[in-house]
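Down below is the structure, laid out as structure tokens.
Residue numbers (the numbering used here): 3 to 209.
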């Protein structure tokens, strides 16, 4: 369900409507850069199981935000498997979104991701969020907590697990390392920081 946005005149604020997977990161960037003009609302991270539902949820959130009086709106989503559906919603409402197909690309930098796309064709990506919620997003929904032997069925076409780390957190590193071992994948850690997500948030100061 799309979160309700409180009504009121907020023409001096910019509302970021983002994927729930980015909430912690956007708030960290807001604090670090002192972006007091930004407010955040998130669509449920679970929508990534149903990318065809994301455009309608975003459309509703934008309509509510405009009704609440927000003068500026920014969308914290890549295309995320919607096949251009998000862009059509953004174009219809005259709002911008962060560039890129998904967070795995803009965390690394879209140009850098494009250069290594072929090399990473068999990579299973994880981020800080996915490490924190590995059980909720993978183990339990896929039944791996009960039937670990299914890992080969689900992940047999992958060759490596690549942890795109936004922060230096040994506990998250261990989750990613353990996941790679359980899935039988080679392990690689790449520190990306917030990548182009931070760039996009910084640009809201002048937009």
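From the three backbone atoms N, C-alpha and C, an ideal C-beta is built for every residue, glycine too.
request  = Could you please give the first and the last residue of the uninterrupted beta strand (DSSP E) stretch that includes residue 127?
outcome  = For this step, residue 127 is matched to residue 125 along the chain shown. It spans 125–129 - the beta strand (DSSP E) in which residue 127 sits, taken as one unbroken run.
key: Buried or exposed (CB count within 10 angstroms, at least 16 for buried), residue 123   = Counted from its first residue, the chain shown places residue 123 at position 121. Label assigned to residue 123: exposed.
inquiry  = Taking its Cβ as the centre, do 16 or more other Cβ atoms sit within 10 Å of residue 15, making it buried, or is it exposed?
reply    = The sequence position of residue 15 within the chain shown is 13, counting from 1. Buried is the call here.
task = For my contact list, residue 103 and residue 81 are in at a C-beta cut-off of 8 Å; report their separation, rounded to the angstrom.
result = One-based indexing of the chain shown puts residue 103 at position 101. One-based indexing of the chain shown puts residue 81 at position 79. Sure, about 5 Å apart at Cβ, within 8 Å.
task = Compare the Cα-Cα distances from residue 195 to each of 44, 135 and 107 and report the closest residue.
result = By one-based count along the chain shown, residue 195 stands at place 193. The option with the nearest alpha carbon to residue 195 is 107.
ask   = Around the C-beta of residue 192, are 16 or more other C-beta atoms found within 10 angstroms, so that it is buried, or is it exposed?
value = For the purposes of this step, residue 192 is taken as the residue at position 190 of the chain shown. Exposed, since its Cβ has fewer than 16 Cβ neighbours within 10 Å.
request  = Counting only the same chain and skipping the five closest in sequence on each side, list residues whose C-beta sits under 8 Å from that of residue 90.
outcome  = The residue labelled residue 90 in the question sits at position 88 within the chain shown. For residue 90, where only same-chain residues beyond five positions count, the Cβ hits under 8 Å are 57.
query = Can you name the residues that DSSP bridges to residue 99?
reply = Within the chain shown, numbered from 1, the residue matching residue 99 stands at position 97. 77.
task = Enumerate in chain order the residues of its own chain whose CB-to-CB distance from residue 204 is below 7 Å, with the five nearest sequence positions on each side excluded.
result = Numbered from its first residue, the chain shown carries residue 204 at position 202. Within the same chain, residue 204 has close Cβ partners 35.
Nearest to residue 167 (by Cα), restricted to the options 127, 17 and 37 = The residue labelled residue 167 in the question sits at position 165 within the chain shown. Comparing Cα-Cα distances from residue 167 to each of 127, 17 and 37, the minimum goes to 127.
inquiry  = Quick check: the Cα distance between residue 28 and residue 206, rounded to an integer number of angstroms?
reply    = Mapped onto the chain shown, residue 28 falls at position 26. Mapped onto the chain shown, residue 206 falls at position 204. Going by the C-alpha atoms only, they are around 12 Å apart.
query = So what's residue 14 in DSSP terms, helix, strand or just coil?
reply = Reading the chain shown from its first residue, position 12 is the one you call residue 14. Three-state DSSP puts residue 14 in a strand.
query = Using a Cβ-Cβ distance under 9 Å, would residue 16 count as near chain B?
reply = Of the protein chains in the structure, only one exists, and it is not chain B.
task = Note down, in chain order, each residue of its chain lying with its Cβ closer than 7 Å to the Cβ of residue 132, except the 5 sequence neighbours on either side.
result = Translated into positions along the chain shown, residue 132 becomes position 130. Only 139 meet the Cβ criterion.
message = Taking the straight line between their C-alpha atoms, what separation do you get for residue 40 and residue 32?
response = Along the chain shown, read from residue 1 onward, the residue named residue 40 stands at position 38. Along the chain shown, read from residue 1 onward, the residue named residue 32 stands at position 30. Straight-line Cα distance between these residues: approximately 7 Å.
request  = Return the Cβ separation of residue 1 and residue 44 in integer angstroms, given the expectation that the two are a contact with Cβ distance under 8 Å.
outcome  = Only positions 3 to 209 of the chain appear in this structure, which leaves residue 1 out of reach.
query = Since residue 43 is in the beta strand (DSSP E), which residue starts that stretch and which ends it?
reply = Against the chain shown, residue 43 aligns to sequence position 41. Taken as a continuous stretch (DSSP letters only), the beta strand (DSSP E) holding residue 43 covers 40–45.
Sequence-distant residues of its chain with Cβ nearer than 7 Å to residue 145 (five each side left out) = Against the chain shown, residue 145 aligns to sequence position 143. For residue 145, where only same-chain residues beyond five positions count, the Cβ hits under 7 Å are 152.
ask   = Where residue 150 and residue 178 are concerned, what is the direct C-alpha to C-alpha distance, given to the nearest angstrom?
value = Translated into positions along the chain shown, residue 150 becomes position 148. Translated into positions along the chain shown, residue 178 becomes position 176. Cα to Cα, residue 150 sits roughly 16 Å from residue 178.
request  = Starting from residue 162, trace the beta strand (DSSP E) both ways and give me its first and last residue.
outcome  = Along the chain shown, read from residue 1 onward, the residue named residue 162 stands at position 160. Residue 162 -> beta strand (DSSP E) spans 162–167.
query = Is it true that the CB of residue 92 sits closer than 9 Å to the CB of residue 42?
reply = Here residue 42 refers to the residue found at position 40 of the chain shown. Here residue 92 refers to the residue found at position 90 of the chain shown. No, these two residues do not count as a Cβ contact at 9 Å.
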